[in-house]
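Chemist:
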Amino acid sequence: MLRTKTVFGALLAGAAFARVADAHHGIANFDLNKDISLSGAVVELAFVNPHSWLYVNVSGADGAKAVWKCEMRAATVLRRSGWSEAMFTPGTQVTVTGSPDRHDPNTCYLGTITFADGTTMNRYGQRERAAAVVAENRPERLANGDPNINGDWAAEQRVMTDRSGISGALVPISVADNLAPGELPQGVRAFPGSRGTPESLADDAIHTAWSRPSPVALTEAGKKAAEGFDPSSADNPRLRCAPTNILFDWTFETFTNRITQDENSVRIQYGAPGIDRTIHLNERAHPASVEPSVAGHSIGRWENDVLIVDTVGFTPGVLSADTSTLHSGELHVVERFTLDRDKNALRREYVATDPLYFTGEYKGADSVLAADLPYETPSCEDLSYVTGQGTAAARRAPSNDAAAAAPQPAKQWWEFWK
79 MLRTKTVFGA LLAGAAFARV ADAHHGIANF DLNKDISLSG AVVELAFVNP HSWLYVNVSG
139 ADGAKAVWKC EMRAATVLRR SGWSEAMFTP GTQVTVTGSP DRHDPNTCYL GTITFADGTT
199 MNRYGQRERA AAVVAENRPE RLANGDPNIN GDWAAEQRVM TDRSGISGAL VPISVADNLA
259 PGELPQGVRA FPGSRGTPES LADDAIHTAW SRPSPVALTE AGKKAAEGFD PSSADNPRLR
319 CAPTNILFDW TFETFTNRIT QDENSVRIQY GAPGIDRTIH LNERAHPASV EPSVAGHSIG
379 RWENDVLIVD TVGFTPGVLS ADTSTLHSGE LHVVERFTLD RDKNALRREY VATDPLYFTG
439 EYKGADSVLA ADLPYETPSC EDLSYVTGQG TAAARRAPSN DAAAAAPQPA KQWWEFWK
């Protein structure tokens, strides 16, 4: 059964900040000012990154059945939260409450799901929060005295303060645990596109939600490069399962990264698709000729237990898709990694410059913790968008026959260009 309701809420107050960090794509595609409730039997679950999709066979008011597809969080972060595919066996009766897609019929944003036994889970609910996995008896240092950063690392999960994901701010889970549902931390505004925000109420909500100022002053060349760039389309690398850059992808979606270190090199395998980089500790200068790549060429050295990494040789690409800021092949990145043994945390500070596309420095800092989920071979099957439209629409879905065949296997992550 299907029920809908429109909610007219006041605008959520809150001080705006210049840069919305790690913005999760797609929320503006759904009208979070409207409530929707549907009940039916699970047809299947596409348990994939960057968004999982639940397909439910729903009876309309006229008795006719149709398969609805409801968007959920990424499979990796759902696993970090204790969710599993076993919860969604075909035929399982569920009730989903959330919000409808603005353009795609029979599509919704899953806010809360209730199972036949009465168990209810919110979108950001923690069914079972996993403990950090730290290598037993890992030496604090390598034989040569370098700090030992070997292991799996992941950023702290970020959740909406309203755990159904309808309203509030996107914050680390440790922050959300100390806030009332939907409460905004001091100095933080509601997530763009969430209920009651100006973006959600705009005539063109998707365009408005993606229209954000660049964090750096662009040169004329930088402005020209950004002309026509549409972050809500396949122009945005992550909307076509392609890597963005070594800065953004390190903590995006809080996937687990893996570091393998010895005295001569540090290999970093990102949990996000497409980046596997090597930091050369036995080189003091970059080669005269570097084959450009998304990861670039990195050299590093330890100074007072800080790993300083210098990277050049990038292919021109996207620095910040959310702000339509691109970078040229002259991008230069310096990162500083510091291990906090007491917190099992690895902190990174970074500075990027690109004299061709922007003036000044693009700066930031982040931290990853000893991971609570082992590193997984990156995978991506984005069912959220029709290329070039910037609107949520599954590329494939079961037919409106509950007995429809299962979808084809997901393409491999390295086939993002197909």
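Under the working numbering, the first residue of the sequence shown is numbered 79, with each subsequent residue one higher. Ideal placement from N, C-alpha and C gives every residue a C-beta, glycine not left out. None of the values given here were measured: they were computed from a predicted structure.
#1: If T239 and L262 are in contact, beta carbons under 8 Å, what's the gap, nearest whole angstrom?
#2: Return the chain-ordered list of same chain residues with a C-beta closer than 8 Å to the C-beta of T198, the five sequence neighbours on each side being excluded.
#3: Round the Cβ separation of E459 and P433 to the nearest angstrom and send it over; I've been treating them as touching at under 8 Å.
#4: Considering only residues of the same chain and omitting the five flanking positions on each side of V396, which have a CB-CB separation below 6 Å?
#5: Does L257 come out as helix, strand or coil in the three-state DSSP assignment?
#6: Which full runs of the beta strand (DSSP E) of 3+ residues lie inside the segment 333-386, going along the chain?
#7: Alpha carbon to alpha carbon, how far is V266 from A258?
#8: From Y348 to A233, what does the alpha carbon distance come to, in whole angstroms?
#9: Nearest to R201 by alpha carbon, out of I244, S376 and H358?
#10: Below 8 Å CB to CB, which residues in the same chain sit around P225 once its five sequence neighbours on both sides are set aside?
#11: Quick one: Cα of R290 to Cα of S272, how far?
#12: Using a Cβ-Cβ distance under 8 Å, would F193 count as near chain D?
#13: Is the number of C-beta pairs between the segment 245-256 and the segment 361-369 that are closer than 8 Å three or more?
#14: Under a three-way DSSP split, which group does A101 fall into?
#15: Tell me the residue span of the beta strand (DSSP E) that contains S115.
#16: In three-state DSSP terms, what is G438?
#17: Would you call T437 buried or exposed, if buried means 16 or more other Cβ atoms sit within 10 Å of its Cβ?
#18: Using DSSP with H/G/I as helix, E/B as strand and the rest coil, what is W161?
#19: Going by CA-CA distance only, name the one from Y435, A443 and S406 that's closest to A423.
#20: Go ahead and pull the three-state DSSP assignment for E298.
#21: If we count Cβ pairs, one from each stretch, closer than 8 Å, do we get three or more for the segment 150-158 versus the segment 175-183?
#22: Alpha carbon to alpha carbon, how far is S500 from V390?
#23: List the DSSP bridge partners of C148.
#24: Hey, could you find the ends of the beta strand (DSSP E) W499 is sitting in?
#25: What residue from G229, S445 and P168 has the CA that sits closest to V121's CA?
#26: Bridge partners of D432, per DSSP?
#27: Give the range of the alpha helix (DSSP H) segment to which P276 is assigned.
#28: Would you list the one or two residues that DSSP bridges to D327?
#29: Of all the options A124, S115, H129 and D113, which has the alpha carbon lying nearest to the alpha carbon of G104?
#30: Can the beta-carbon of R355 be found closer than 8 Å to that of S376?
#31: Return helix, strand or coil for N226, following the three-state DSSP convention.
#32: Check the C-beta distance from T173 over to S115 and give it rounded, since I have them as a contact under 8 Å.
#33: What's the C-alpha gap between E163 and A152?
#34: Mapping DSSP to helix, strand and coil, what is F193?
#35: What is the rounded straight-line gap between the Cα of P270 and the Cα of S402?
Modeler: On the basis of the data shown:
#1: About 7 Å separates the beta carbon of T239 from that of L262, a gap short enough to meet the 8 Å contact definition.
#2: Residues of the same chain with a CB within less than 8 Å of the CB of T198, apart from the 5 flanking positions on each side, are T190, I191 and T192 in chain order.
#3: At roughly 38 Å, the Cβ-Cβ gap does not stay under 8 Å, so E459 and P433 are not in contact.
#4: The beta carbon of V396 is closer than 6 Å to those of P315, T322 and L404 in its chain, skipping five residues each way along the sequence.
#5: coil
#6: The segment 333-386 contains these whole beta strand (DSSP E) runs: 334-339, 343-347, 354-358 and 375-381.
#7: V266 and A258 have their C-alpha atoms some 14 Å from each other.
#8: 12 Å
#9: Of the candidates I244, S376 and H358, the one whose C-alpha sits nearest the C-alpha of R201 is I244.
#10: E218, R219, W380, D383, L385 and L417
#11: 16 Å
#12: The structure shown contains no chain D; it holds only a single protein chain.
#13: No, because fewer than three Cβ pairs between the segment 245-256 and the segment 361-369 fall closer than 8 Å, the two stretches do not touch.
#14: Note on A101: pLDDT 32, under 50, position unreliable in the model; the coordinate value appears next. Looking at A101 - three-state DSSP - the assignment turns out to be coil, as it is neither helix nor strand.
#15: K112 to A124
#16: coil
#17: exposed
#18: coil
#19: A443
#20: It is helical.
#21: With the cut-off at 8 Å, the segment 150-158 and the segment 175-183 do not touch.
#22: One cannot answer for residue 500 here, as it falls past the ends of the chain, which runs 79 to 496.
#23: Note: C148 sits in a beta bridge opposite L132 and C186.
#24: This structure does not reach residue 499, given that the chain is present from 79 up to 496, and the question cannot be answered.
#25: P168
#26: None, per the DSSP bridge assignment.
#27: P276 to L279
#28: Note: D327 sits in no beta bridge, so no partner.
#29: H129
#30: yes
#31: Looking at N226 - three-state DSSP - the assignment turns out to be coil, as it is neither helix nor strand.
#32: 7 Å
#33: 12 Å
#34: strand
#35: Whole-angstrom Cα-Cα distance: 16 Å.
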